[in-house]
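See structure below.
2 protein chains.
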Amino acid sequence: MKKAPEKFRFAAMAVDVPVFGLVGEKLYCLVSTVNRPPHYLNKFGFLGGMIKSSETAEEAVCRVLFEKGNIKDLYLEQLYTFSAVERDKRNRVVSVAYIGLVPPEKVLTYKQDEASFKPIDELSSLAYDHDEILKVSLTRLRGKLSYTTIAQFLLPKSFTLTELQTVYEILKNTKLDKRNFRKKILALDILKDTGKSQEGVQNRPATLYSFKSKKLEELNLVI
Amino acid sequence: MKKAPEKFRFAAMAVDVPVFGLVGEKLYCLVSTVNRPPHYLNKFGFLGGMIKSSETAEEAVCRVLFEKGNIKDLYLEQLYTFSAVERDKRNRVVSVAYIGLVPPEKVLTYKQDEASFKPIDELSSLAYDHDEILKVSLTRLRGKLSYTTIAQFLLPKSFTLTELQTVYEILKNTKLDKRNFRKKILALDILKDTGKSQEGVQNRPATLYSFKSKKLEELNLVI
DNA sequence: GCAAAAGTGTTAGGTATACACCCATGC
DNA sequence: GCATGGGTGTATACCTAACACTTTTGC
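In order, the protein sequences belong to chains D and V.
Quick note: the first sequence, position 34, residue 34 per our numbering, numbers continuous.
Quick note: the second sequence, position 152, residue 1152 per our numbering, numbers continuous.
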């Protein structure tokens, strides 16, 4: 594969990937510290890096997450391409942003020197245009929650209906009726009863469910 | 603005823009002939071109559509970024694809040497990865039709309810009940009666409506 | 037995669907 | 007066939303 003619190769192409995880009542996002004087001093930013000439954008995302965050095997989807001329004040960098989602256990056990999960309400004034990327990400997440099975990627393999309901409540910032939520979600026929129950809880153990399909599915109904 | 360091500038960044318009019962798309031996011989392809160092992707789209197709002032939205390494067999070119929508009169009056509107069922075996871009475009269009006011950009400023219904029927490839469609669309409170009616038609003249908002709005209900 | 979360049904109001005939206009 | 598409209402089935108490478990 030849390179493009020099005159067209003015920009670098990057990927940036906010990785989200939900623990308890809080949404977390993976960030690392960005220190690039003079413009970006001790700010948080998502993991990101340059796309290589042999890679697709998605391959670059996987490589960057593994190299810089030791994260792999997660749900990824392309979010949007950010191309504002001054989005990186140092150079022209066009960024293809992706969203990553991980289940709670990955957030809880995460231990790396360079990156960590922070509650999103503690993220403001991020490096580059990452404030905007965060905003677009959350809008996308909220939207897809309503008409797809994307919630599965924020949950453990098996989970209780209350946990699933919490995903909706936190991300949509709303309170749902337990009985109605259960009726609706079970009627969608996307879950299966694992036959198991919670163990070691102090209250009545809840039935554990899992998604019938491990892929993102579109729903007919809106939750 | 400095250029990115040379080692990162391996690829060219392009935009590609299928522009759609609906006339009668057919969806049309703007294409031009691509002749780039040895890989692309006399194929159709969407309008596209390289992003310049001073431009955002959207600015490049506007410039390219105007320069190569003499089209401006249309609805545009970013579709997806296509980055397969071999998507352009000649060089590494990453493309940020957009969708454009124009009203029927722009399709009907379109006359340019280099580009023309073709019915989409006549488009196959397009240049580059444009077959895939077309597929993704149509999926997006169909999806957004259901929960946004995107239909407005495929219609004249004022239109009949039957014309609006036809947009849904053609793009979703379905037949809708006239009475139910009218009830539903009027209940959404997104249209206003212009007070005018069709003229010069051989049947009872239909009331002309327009959208209250000229921007893309999200709907609560699904059509 | 108490604390904590799980689990479960009914009713009323609203929405979606199915369906057929008269109306206004031009020729 | 006829051909053409415009415009309208109702009844039924379904879905949605509101609402509170009993069950199971660990301690």
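All residues carry an ideal CB built from backbone N, CA and C; glycine is no exception.
None of the values given here were measured: they were computed from a predicted structure.
With a contact defined as Cβ atoms closer than 8 Å, D/L161 and D/V23 miss out at about 18 Å.
The beta carbons of D/V96 and D/T81 sit closer together than 8 Å. Under the 8 Å criterion on CB atoms, V/Y1080 is classed as interfacial with respect to chain D. Counting only Cβ-Cβ distances below 9 Å, V/V1034 has no contacts in chain D at all, with the closest Cβ about 17 Å away. Looking at the DSSP output, D/I99 bridges to D/E77.
D/Y128 is a Cβ neighbour of D/G45, given a cutoff of 8 Å. Exclusion of the five residues before and after D/F66 leaves K72 as the residues of its chain whose Cβ lies within less than 7 Å of its Cβ.
In the three-state reduction of the DSSP assignment, V/G1200 falls in the coil class. Rounded to the nearest whole angstrom, the C-alpha separation of D/A115 and D/G69 is 6 Å.
For D/Y209, the CB contacts under 8 Å within the same chain, skipping 5 residues up- and downstream, are S158, F159, T160, L161, L164, L191, K192, D193 and T194 in chain order. Chain V places no beta carbon closer than 8 Å to that of D/V64, leaving this residue out of the contacts. A straight-line Cα-Cα distance of about 29 Å links V/N1035 and D/V94.
In the DSSP assignment, V/F1044 falls outside any alpha helix (DSSP H) and within the unbroken beta strand (DSSP E) covering Y1040 to G1045. Proximity of chain V to D/S54 at the Cβ level (cut-off 8 Å) is accounted for by V1085, in chain order. Using a Cβ distance threshold of 8 Å, V/T1166 and V/L1219 do not count as a contacting pair.
Counting only the Cα atoms, D/C62 lies some 20 Å from V/R1087. For the options V/P1156, V/Q1152, V/K1106 and V/L1101, the alpha carbon positioned closest to that of V/S1137 is the one of V/L1101. Taking 8 Å as the threshold, the shortest C-beta distance from D/A11 to chain V falls below it. Only residues of its own chain outside the window of five on either side were considered, and among them T1148, T1149 and I1190 have a CB closer than 8 Å to the CB of V/E1217, listed in chain order.
V/P1119 counts as exposed, since fewer than 16 other C-beta atoms from the protein chains shown sit within 10 angstroms of its C-beta. The shortest C-alpha to C-alpha distance from D/E77 to any of D/K106, D/R204 and D/E58 is the one to D/E58. In its chain, beyond the 5 residues on either side, V15 and I51 have a beta carbon closer than 6 Å to the beta carbon of D/A60. The beta carbon of V/A1012 sits closer than 6 Å to the beta carbons of M1050 and V1093 from its chain, once the five residues preceding and following it are set aside; these are given in chain order.
When C-alpha distances from D/V85 are compared across V/P1038, V/N1203, V/I1099 and V/E1055, the shortest belongs to V/E1055.
Distances from the alpha-carbon of V/K1144 to those of V/E1132, V/F1211, V/P1037 and V/I1099 put V/I1099 closest. According to the DSSP assignment, V/N1180 belongs to no beta strand (DSSP E) but to the alpha helix (DSSP H) extending over K1178 to A1187. Using beta-carbon distances, D/A57 counts as an interface residue toward chain V, with a partner under 8 Å. V/N1042 and V/T1033 have their C-alpha atoms roughly 6 Å apart.
Residue-level contact by beta carbon fails for V/V1107 and chain D, as no gap is shorter than 8 Å. Proximity of D/V17 to chain V, defined by a Cβ-Cβ separation below 8 Å, is not satisfied. Rounded to the nearest whole angstrom, the C-alpha separation of D/L154 and V/P1038 is 47 Å. D/R142 is positioned such that its CB atom lies no closer than 8 Å to that of D/L176. For a Cβ distance threshold of 9 Å, nothing in chain D lies close to V/V1136: the least Cβ distance comes to about 11 Å. Beta-bridge partners of D/E122 (DSSP): none assigned.
The CB of V/V1061 never comes closer than 8 Å to any CB in chain D; the least such distance is about 10 Å. Ranked by Cα distance from V/Y1028, the options V/L1079, V/Q1152, V/F1181 and V/L1123 are led by V/L1123.
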